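A.B. asks:
There are 2 protein chains.
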Amino acid sequence: MAGAEVPDIVIGRLPIYLRALTLLAEAGQEFTSSQELGQILSIGSAQIRKDLSHFGEFGKQGTGYEVSYLRDQISRILHVDRDWSLALVGFGDLGQAIAHYGGFSSKGFHITAVFDADPEVVGQSFGDGAVRHVDTLKEVVSDMRIRMAIVAVPAAAAQDVTDMLIEADVKAILNYAPITLSVPSHVHVQYIDPVAHLQKMTYYLA
Amino acid sequence: MAGAEVPDIVIGRLPIYLRALTLLAEAGQEFTSSQELGQILSIGSAQIRKDLSHFGEFGKQGTGYEVSYLRDQISRILHVDRDWSLALVGFGDLGQAIAHYGGFSSKGFHITAVFDADPEVVGQSFGDGAVRHVDTLKEVVSDMRIRMAIVAVPAAAAQDVTDMLIEADVKAILNYAPITLSVPSHVHVQYIDPVAHLQKMTYYLA
DNA sequence: ACGATATTGTGAAATTCTTCTCTGAAGGGT
DNA sequence: ACCCTTCAGAGAAGAATTTCACAATATCGT
Chain A
3 MAGAEVPDIV
13 IGRLPIYLRA
23 LTLLAEAGQE
33 FTSSQELGQI
43 LSIGSAQIRK
53 DLSHFGEFGK
63 QGTGYEVSYL
73 RDQISRILHV
83 DRDWSLALVG
93 FGDLGQAIAH
103 YGGFSSKGFH
113 ITAVFDADPE
123 VVGQSFGDGA
133 VRHVDTLKEV
143 VSDMRIRMAI
153 VAVPAAAAQD
163 VTDMLIEADV
173 KAILNYAPIT
183 LSVPSHVHVQ
193 YIDPVAHLQK
203 MTYYLA
Chain B
3 MAGAEVPDIV
13 IGRLPIYLRA
23 LTLLAEAGQE
33 FTSSQELGQI
43 LSIGSAQIRK
53 DLSHFGEFGK
63 QGTGYEVSYL
73 RDQISRILHV
83 DRDWSLALVG
93 FGDLGQAIAH
103 YGGFSSKGFH
113 ITAVFDADPE
123 VVGQSFGDGA
133 VRHVDTLKEV
143 VSDMRIRMAI
153 VAVPAAAAQD
163 VTDMLIEADV
173 KAILNYAPIT
183 LSVPSHVHVQ
193 YIDPVAHLQK
203 MTYYLA
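For the protein sequence lines, the chains are A and B, in the order given. Basically our numbering = 1-based index in the first sequence + 2. Basically our numbering = 1-based index in the second sequence + 2.
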């Protein structure tokens, strides 16, 4: 069944599967089934099988899936079997929290360049290097061939920053600013907006 | 068309519409159209009209929507025309960043109780009050009648914390831990997992 | 060796979600 | 007044996604 274009919504579930498989592997479990995975993730087992079938056959009838094999295969499919460099734009409270967060580098995502517009902030150290002025963004990101970025600037500045990133040939943006970014179709954007999540839930709290 | 159950996916878009309308209102614009909103949000205009039609009729043919009226209506639908109290569990790096973040309270979400398991952390002040021990969670959250919570503890502790929250009658959880929570169907959970977003995007960076 | 049980991969069916298209209404210009 | 343009709402059509159901196959115990 491999070959045709895989729906975006399926790609979105692969990291979740990966998470569960990593958990099982750490617990020392050797085999699992679509049913067990479904239970862990509160998802139907048929959906998991269907999703995986887009990429090939990874299981064995009667036995299920070998945990570490399936984990490695999904890692490969997602291209997370290698490390990625990230640019971080915005070193305010949020940006600092992101830079400080250990969860990225443990999964192979390394923040290798940080930018800010505030002269007070430029020059501060953030681990490896120092915060650079946002005016140098295009040159630095291009030269370092960074293809992913995190936007953590105020909403009013987010589109400008995004335009710079695109000029620097960045292809994927994780945006923390509460605004929909306008990007060409070859650039991918993901949004993180905790307030939107909360507002969605209050609907159900009648 | 109001009456039938509104799809969850539609509810999920309302906060986005609200964001755009607030922006337009702040810019002083009085009227807008589904077409303009669609352009701002990179969404089809038909989808916006269809979504809104689940709740009633808010626009005028030929004229479009009155920005502040539609904003108020969506606020009302989402129940964000009032304030909400939140409990925050976990006061590590992430929890502190969340507690410190101004974006919640400016939208009416107030963190009114904070819990942690670490004796070093318990007792620290976080603005209004002090961090409490997680053992007091059930009692405090029940007494304060808090119905929403943010989970910002390590993955290994997240399910336990969640169970306590549910016992305390919390109905909505915003979970930052990279694990799928098991909850009864009357409890709503939203997930924030930046790594999963990045992993999804690397798929496209072949 | 064989029956009982578990579990995948998949075509088909069912459901959900999005987009199209058209009707009717509102407003502006002449 | 009348025409022209704009635009919401909604039914119908189309597309996408999820779920069902089953044949095929692997393992285990006897």
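Cβ coordinates follow ideal geometry from the N, Cα and C atoms, glycine included. Owing to the predicted nature of the structure, the values given are computational and were not obtained by experimental measurement.
Cβ of Ala89 (chain A) within 9 Å of Cβ of Val172 (chain A)?
C.D. replies: yes
A.B. asks: Check whether the segment 55–63 of chain B and the segment 71–81 of chain B touch, using three or more Cβ-Cβ pairs below 8 Å as the test.
C.D. replies: yes
A.B. asks: Straight-line CA distance for Ala29 (chain B) to Val69 (chain B)?
C.D. replies: 11 Å
A.B. asks: Does at least one heavy atom of the ligand GDP sit under 8 Å from the Cβ of Ala22 (chain B)?
C.D. replies: This structure lacks the ligand GDP; in fact it carries no ligand of any kind.
A.B. asks: What does Gln201 (chain B) touch in chain A if you count any residue whose Cβ is under 8 Å from its own?
C.D. replies: Leu16, Pro17, Leu20, Leu80, Val82 and Lys109
A.B. asks: Do Gly94 (chain A) and Ala154 (chain A) have their CB atoms nearer than 9 Å?
C.D. replies: Contact flag set, yes.
A.B. asks: Indicate whether at least one CB of chain B lies closer than 9 Å to the CB of His135 (chain A).
C.D. replies: The beta-carbon of His135 (chain A) is placed no less than 9 Å from the nearest beta-carbon of chain B.
A.B. asks: Report yes if the C-beta distance between Asp118 (chain B) and Val136 (chain B) is below 9 Å; otherwise report no.
C.D. replies: yes
A.B. asks: Within 9 Å (strictly less), CB to CB, does Gly105 (chain B) reach chain A?
C.D. replies: Among the residues facing chain A, Gly105 (chain B) is included, as its CB has a counterpart in that chain under 9 Å away.
A.B. asks: Listed from N- to C-terminal order along the chain, which residues in the segment 27–58 of chain B have their beta-carbon within a distance smaller than 7 Å of any beta-carbon of chain A?
C.D. replies: Ile42, Leu43 and Ser44
A.B. asks: If Gly14 (chain B) sits next to Lys202 (chain A), beta carbons under 8 Å apart, how far is it from one beta carbon to the other, in whole angstroms?
C.D. replies: 5 Å
A.B. asks: Could you please give me the residues that DSSP links to Ile113 (chain B) through a beta bridge?
C.D. replies: B:Leu88
A.B. asks: Using a threshold of 9 Å, state whether the C-beta atoms of Ile175 (chain A) and Met150 (chain A) are closer than that.
C.D. replies: yes
A.B. asks: Are any of the Cβ atoms in chain B nearer than 9 Å to that of Tyr205 (chain A)?
C.D. replies: yes
A.B. asks: Compute the Euclidean distance between the alpha carbons of His81 (chain B) and Pro9 (chain A), then round it to the nearest angstrom.
C.D. replies: Answer to the nearest angstrom: the Cα atoms are 33 Å apart.
A.B. asks: So His190 (chain A) contacts chain B; which residues on that side make the cut at Cβ distance below 7 Å?
C.D. replies: Met203 and Tyr206
A.B. asks: Which same chain residues end up closer than 8 Å to Pro186 (chain A) when comparing Cβ atoms and leaving out the 5 residues on each side of it in sequence?
C.D. replies: Ile168
A.B. asks: Please report the distance separating the alpha-carbon of Ser47 (chain B) from that of Gly61 (chain B).
C.D. replies: 13 Å
A.B. asks: Straight-line CA distance for Thr65 (chain B) to Tyr71 (chain B)?
C.D. replies: Rounded to whole angstroms, Thr65 (chain B) to Tyr71 (chain B) spans 13 Å at the Cα level.
A.B. asks: Roughly how many angstroms separate the alpha carbons of Ile42 (chain B) and Thr34 (chain B), rounded to a whole number?
C.D. replies: 11 Å
A.B. asks: Strictly below 8 Å CB to CB, what residues from chain B border Asp162 (chain A)?
C.D. replies: Those within 8 Å of Asp162 (chain A) in chain B number zero; the least Cβ separation is about 15 Å.
A.B. asks: Anyone know if the C-beta pair for Ser1 (chain B) and Ile18 (chain B) falls short of 9 Å?
C.D. replies: Chain B is shown from 3 up to 208; residue 1 (chain B) falls before or after that span and cannot be answered.
A.B. asks: What is the rounded straight-line gap between the Cα of Ala179 (chain A) and the Cα of Gly97 (chain A)?
C.D. replies: If you take the alpha carbons of Ala179 (chain A) and Gly97 (chain A), they lie about 11 Å apart.
A.B. asks: Does Ser184 (chain A) get closer than 9 Å to chain B when you measure Cβ to Cβ?
C.D. replies: Answer yes: the Cβ-Cβ gap between Ser184 (chain A) and chain B drops below 9 Å somewhere.
A.B. asks: Evaluate Asp85 (chain A) with the Cβ neighbour count: other Cβ atoms within 10 Å of its Cβ, from every protein chain shown; 16 or more gives buried, anything less gives exposed.
C.D. replies: exposed
A.B. asks: Just curious, the alpha helix (DSSP H) that Leu176 (chain A) is in, first and last residue?
C.D. replies: Where Leu176 (chain A) is concerned, there is no enclosing alpha helix (DSSP H), although the beta strand (DSSP E) it sits in stretches over Ala174 to Asn177.
A.B. asks: Should Asp195 (chain A) be labelled buried (16 or more other beta-carbon atoms within 10 Å of its own) or exposed?
C.D. replies: buried
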